[in-house]
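Below: the structure, in structure tokens.
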Amino acid sequence: MAHAQTEAKPIVDREQALDWLRQMLVIRRFEERSAMLYQRQKIGGFCHLYSGQEACAVGSIGVLREDDYVITAYRDHGHALARGMEPRAGMAEMLGKASGCSKGKGGSMHFFQANRNFMGGHAIVGSHIPLAAGMAFASKYRGDDRVTICFFGDGAMDQGALHEAFNMAGLWKLPVIYVVENNLMSMGTHLHRHSAVLDLTQRGGPPYGFSASVAVDANDIEAMAETTLEAANRARAGEGPTFIEAKTYRYRGHSMSDPMKYRTAEELEKARERDPIALYEVVLRERGWVDDEGLELMQAEVKELIDEAIAHAEEAPEPGLDEIYTDITVSPHIPQE
Amino acid sequence: MAVIQYREALNQAMSEEMERDDRVFLMGEEVAEYQGAYKVSQGMLDRFGARRIVDSPISENGFAGIGIGAAMVGLRPIIEFMTFSFSYVAFDQLVNNAANMRYMSGGQFSVPIVFRGNSGIAGNLGATHSHRPEALFSHFPGLKVMMPSTPADAKGMLKAAIRDDDPVIFIEHENLLGDKGEVPDDPDFVVPIGQADVKREGSDVTILTYSRSVMTSLKAADKLAEEDVSVEVVDLRTLRPLDMDTILASITKTNRCVFVEEDWYYCGIGAGVADRIYRAAFDELDAPIQRVAAKDAPIPYNRTLELDILPNVERVVEAVNSVLYR
Numbered sequence: 001m002a003h004a005q006t007e008a009k010p011i012v013d014r015e016q017a018l019d020w021l022r023q024m025l026v027i028r029r030f031e032e033r034s035a036m037l038y039q040r041q042k043i044g045g046f047c048h049l050y051s052g053q054e055a056c057a058v059g060s061i062g063v064l065r066e067d068d069y070v071i072t073a074y075r076d077h078g079h080a081l082a083r084g085m086e087p088r089a090g091m092a093e094m095l096g097k098a099s100g101c102s103k104g105k106g107g108s109m110h111f112f113q114a115n116r117n118f119m120g121g122h123a124i125v126g127s128h129i130p131l132a133a134g135m136a137f138a139s140k141y142r143g144d145d146r147v148t149i150c151f152f153g154d155g156a157m158d159q160g161a162l163h164e165a166f167n168m169a170g171l172w173k174l175p176v177i178y179v180v181e182n183n184l185m186s187m188g189t190h191l192h193r194h195s196a197v198l199d200l201t202q203r204g205g206p207p208y209g210f211s212a213s214v215a216v217d218a219n220d221i222e223a224m225a226e227t228t229l230e231a232a233n234r235a236r237a238g239e240g241p242t243f244i245e246a247k248t249y250r251y252r253g254h255s256m257s258d259p260m261k262y263r264t265a266e267e268l269e270k271a272r273e274r275d276p277i278a279l280y281e282v283v284l285r286e287r288g289w290v291d292d293e294g295l296e297l298m299q300a301e302v303k304e305l306i307d308e309a310i311a312h313a314e315e316a317p318e319p320g321l322d323e324i325y326t327d328i329t330v331s332p333h334i335p336q337e
Numbered sequence: 001m002a003v004i005q006y007r008e009a010l011n012q013a014m015s016e017e018m019e020r021d022d023r024v025f026l027m028g029e030e031v032a033e034y035q036g037a038y039k040v041s042q043g044m045l046d047r048f049g050a051r052r053i054v055d056s057p058i059s060e061n062g063f064a065g066i067g068i069g070a071a072m073v074g075l076r077p078i079i080e081f082m083t084f085s086f087s088y089v090a091f092d093q094l095v096n097n098a099a100n101m102r103y104m105s106g107g108q109f110s111v112p113i114v115f116r117g118n119s120g121i122a123g124n125l126g127a128t129h130s131h132r133p134e135a136l137f138s139h140f141p142g143l144k145v146m147m148p149s150t151p152a153d154a155k156g157m158l159k160a161a162i163r164d165d166d167p168v169i170f171i172e173h174e175n176l177l178g179d180k181g182e183v184p185d186d187p188d189f190v191v192p193i194g195q196a197d198v199k200r201e202g203s204d205v206t207i208l209t210y211s212r213s214v215m216t217s218l219k220a221a222d223k224l225a226e227e228d229v230s231v232e233v234v235d236l237r238t239l240r241p242l243d244m245d246t247i248l249a250s251i252t253k254t255n256r257c258v259f260v261e262e263d264w265y266y267c268g269i270g271a272g273v274a275d276r277i278y279r280a281a282f283d284e285l286d287a288p289i290q291r292v293a294a295k296d297a298p299i300p301y302n303r304t305l306e307l308d309i310l311p312n313v314e315r316v317v318e319a320v321n322s323v324l325y326r
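Chains as they are written, first to last, in UniProt numbering: chain W, 1 to 337; chain Z, 1 to 326.
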């Protein structure tokens, strides 16, 4: 089972490495099976898949502590699973079931899990970036040394909310790590058509006085982990926010309804040559930490885990109609009708 | 009981709650070193320090979101909008995040936050600074909306808002900030959310109203009393959730109703309240509900035009006479 780290860990021992590989496989399989369920109309709404970006979530969240806060945007399945969400809770949410991680009220774009400090997937581009600063503000206010990590796509770089939050995060040296997962596409608009400056590290950290602004190859999970750990250490030491440009690539369209006419088969094939999971398998084989047999066993376990999650989700009950009026306010909600 | 200003009552409410609970802090533009653009937070920086009285950049969207994030992890922020017109810059944070967070997360995250500041048509400020956002925010399930009319209510209602575990939109009125009144000094004096108040007893007509229009309505009631018309003035105080018990008790007593509000007529608060009264107590009414609201135009700078847009005593008297068929 994927699980969040109990302590901020050094990079990296065999057990840790194999767990990271396994987490990436869980995310990949969870999402590819979700695509099939979406096509069979079991999953509704918008469904934004993370395939190709797994090393970014697993490598970064993997070096954080359990009491750190993790918040992300609408492409949130990977971050939730990397944070230790049970695949069955995620899959039940996709199917809108009562046992889903948000009781079937959130859906694909709004995964939440409070007991793992997974502060949610948020579906208005850039809107959650100030929330992350608020969580970091709370850590500073209380004098604890928790860190908040906040993920968003390159499209969010163009939102005013990001720049307002960055300004205050830098001004007040808040313990927050902002990770732009630069997959080069703001929905269907390539970076060179939505950003005048293509080096996002120039747009992110320096104008706001961050402690660092760094680019990292996010297909390399250990590079991602190392960069994040350094950022977390700076944040805990009171040195303020770090901006990380995680260079990545998504294999699928923006959402399941996106036919991806803006990219060629050759481009996709080239990207897949640097698949983060395959790359890490090679690394771990070279270290002698895994072999064919070990990989096959791991894949079989992951397959079984996801099969079980889907079976659970399909069989799980729908929320009762009385759930319409619960969870609106803490005190009993009085419908104004 | 001491006689203090509405703005001082707000200050007392925040200060007492901050004294009581370290999780409460105030953030906004000019709230600290400048002592508050409208002097509501005067003296609070000296008393509580810069950790808890936080001057923000002019970034409503940003600091509203910071407040929500802090609330999600257990703090109890008070976010001041210098005027509520500026809250529209942060509209996304208020309605997409604060109002929805608990629901979207299946009840896992509460957002105990107060967004407060003044609103209203206050004197030659032109269209942008004269908004009345109450109907807008009252539309959203997940938000609570309060608008005090007196200094005592300002204190008791703000304390209730700060103690509440849900996001509260707390709208003050610029023209009431200097009003004086008796205010209890009991630190546990709280006016509960969702409790209307009969500001004047009467038997012939009920005026339902809130905020500054309470004062306009009370003046109209005085004038009508000279003609032996007995008007009951009910101050809604909380616009969401509505105190239907108090409203219906008054309608049942007087059988006639006028709604007075400063916001625009179309889709205004009165429209929603009238609908609920018609469906709950149509048979109690001896006349259609009359509504007095601002005229349907952006608010002009010119003082003569501006005053003409506002509900005034004459219009309220006219509406009362109309439901009495006088």
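Here a beta-carbon is modelled for each residue, glycine too, at the ideal position from N, C-alpha and C.
message: I'd like to confirm the pairing. Which residues does DSSP put opposite Z/V234 in its beta bridges?
response: Z/V198, Z/L208
field: Host beta strand (DSSP E) of Z/I79 (start-end)
entry: Where Z/I79 is concerned, the enclosing beta strand (DSSP E) stretches over 76-83.
- prompt: Would DSSP call W/T264 helix, strand or coil?
  reply: coil
- prompt: Can you list the beta strand (DSSP E) stretches of 3 or more residues lying completely in the stretch 277-312 of chain Z, in chain order?
  reply: 290-294
task: Verify whether the separation of the beta carbon atoms of Z/A90 and Z/F140 is less than 8 Å.
output: no
query: Taking 8 Å as the CB-CB limit, is W/E164 close to chain Z?
result: yes
message: Does Z/C267 pass the burial test, meaning 16 or more other C-beta atoms within 10 Å, or should it be called exposed?
response: Taking all protein chains in view, the Cβ of Z/C267 is surrounded by fewer than 16 other Cβ atoms within 10 Å, so the residue is classified as exposed.
task: Mind checking the stretch 1-14 of chain Z against chain W and listing, in chain order, the residues whose C-beta falls within less than 7 Å of any C-beta there?
output: none
- prompt: Of the choices Z/M72, Z/A297, Z/L239, Z/V323, whose alpha-carbon is the least far from that of Z/G126?
  reply: Z/A297
Residues sharing a beta bridge with Z/M27, DSSP: Z/V54, Z/I79
- prompt: At a CB-CB cut-off below 8 Å, which residues of chain W make contact with Z/G106?
  reply: G100, C101, S102, K103, G104, K105, G106, F112, D327
field: Test: W/P175 CB closer than 8 Å to a CB of chain Z
entry: No - not a single Cβ of chain Z is within 8 Å of the one on W/P175.
message: Assuming contact is defined by CB atoms lying nearer than 8 Å, are W/I61 and W/I149 in contact in what I supplied?
response: yes
task: Taking Z/V24 and Z/R76 to be in contact with their CB atoms under 8 Å, please state how far apart those CB atoms are, rounded to whole angstroms.
output: 5 Å
- prompt: CA-CA distance, W/E164 and Z/G62?
  reply: 5 Å
Per-residue burial, W/V179 [other beta carbons within 10 Å of its own, 16 or more giving buried]: buried
field: Environment of W/V197 [buried if 16+ CB atoms lie within 10 Å]
entry: exposed
- request: Quick one: which unbroken alpha helix (DSSP H) runs of 4-plus residues sit fully inside the stretch 175-262 of chain W? Chain order, please.
  value: With a minimum length of 4 residues, the continuous alpha helix (DSSP H) runs that stay inside the stretch 175-262 of chain W are 191-194, 200-204, 221-236.
query: In chain Z, what lies closer than 8 Å to W/L131 by C-beta?
result: From the beta-carbon of W/L131, the residues of chain Z found nearer than 8 Å are G65, I66, I68, G69, M72, N97.
Within chain Z, partners of W/N167 - CB distance below 8 Å: Those are P57, S59, G62, listed as they occur along chain Z.
message: Using C-beta distances below 8 Å, list every residue in its chain close to W/L184, excluding the 5 sequence neighbours before and after it, in chain order.
response: D154, H190, L191, Y249
query: To the nearest angstrom, how far is it from the Cα of Z/A274 to the Cα of Z/I289?
result: Whole-angstrom Cα-Cα distance: 7 Å.
- prompt: Using a beta-carbon distance below 8 Å, is Z/L208 in contact with chain W?
  reply: no
query: What does Z/Y103 touch in chain W if you count any residue whose Cβ is under 8 Å from its own?
result: K105, D327, I328
- prompt: Taking the C-alpha atoms as reference points, what is the distance between Z/P300 and W/H194?
  reply: 39 Å
message: Please return the same chain residues whose Cβ sits closer than 6 Å to the Cβ of W/G121, not counting the five positions on each side in sequence.
response: T72, Y74, D76, M109, H110, F111
query: At a Cβ threshold of 8 Å, is Z/P184 touching chain W?
result: no
- request: Taking Z/I193 as the reference, give the member of Z/P184, Z/K159, Z/L177 with the closest Cα.
  value: Z/K159
When W/E323, W/G288, W/E281, W/Q336 are compared against W/L25, the one with the closest alpha-carbon: W/E281
- prompt: Does the Cβ of Z/M27 have 16 or more other Cβ atoms within 10 Å, making it buried, or fewer, making it exposed?
  reply: buried
task: Find the nearest neighbour of Z/A196 within the set Z/P167, Z/N175, Z/T216, Z/S149, judged by alpha-carbon distance.
output: Nearest option by C-alpha distance: Z/S149.
query: When burial is assigned at 16 or more other CB atoms within 10 Å of the CB, is W/A2 buried or exposed?
result: Legend: pLDDT at W/A2 = 44, less than 50; position of this residue unreliable, no value from coordinates given.
- request: Could you tell me if W/L64 is buried or exposed, where buried requires 16 or more neighbouring beta carbons within 10 angstroms of its beta carbon?
  value: buried
message: Quick check: the Cα distance between W/H79 and W/V70, rounded to an integer number of angstroms?
response: 8 Å
query: Can you tell me whether residue 385 of chain Z is buried or exposed, with buried defined as 16 or more other CB within 10 angstroms of its CB?
result: As shown, chain Z starts at 1 and ends at 326. That puts residue 385 of chain Z outside it, with no answer to give.
Counted within 10 angstroms of its Cβ, other Cβ atoms place Z/F282 as buried (16 or more) or exposed: exposed
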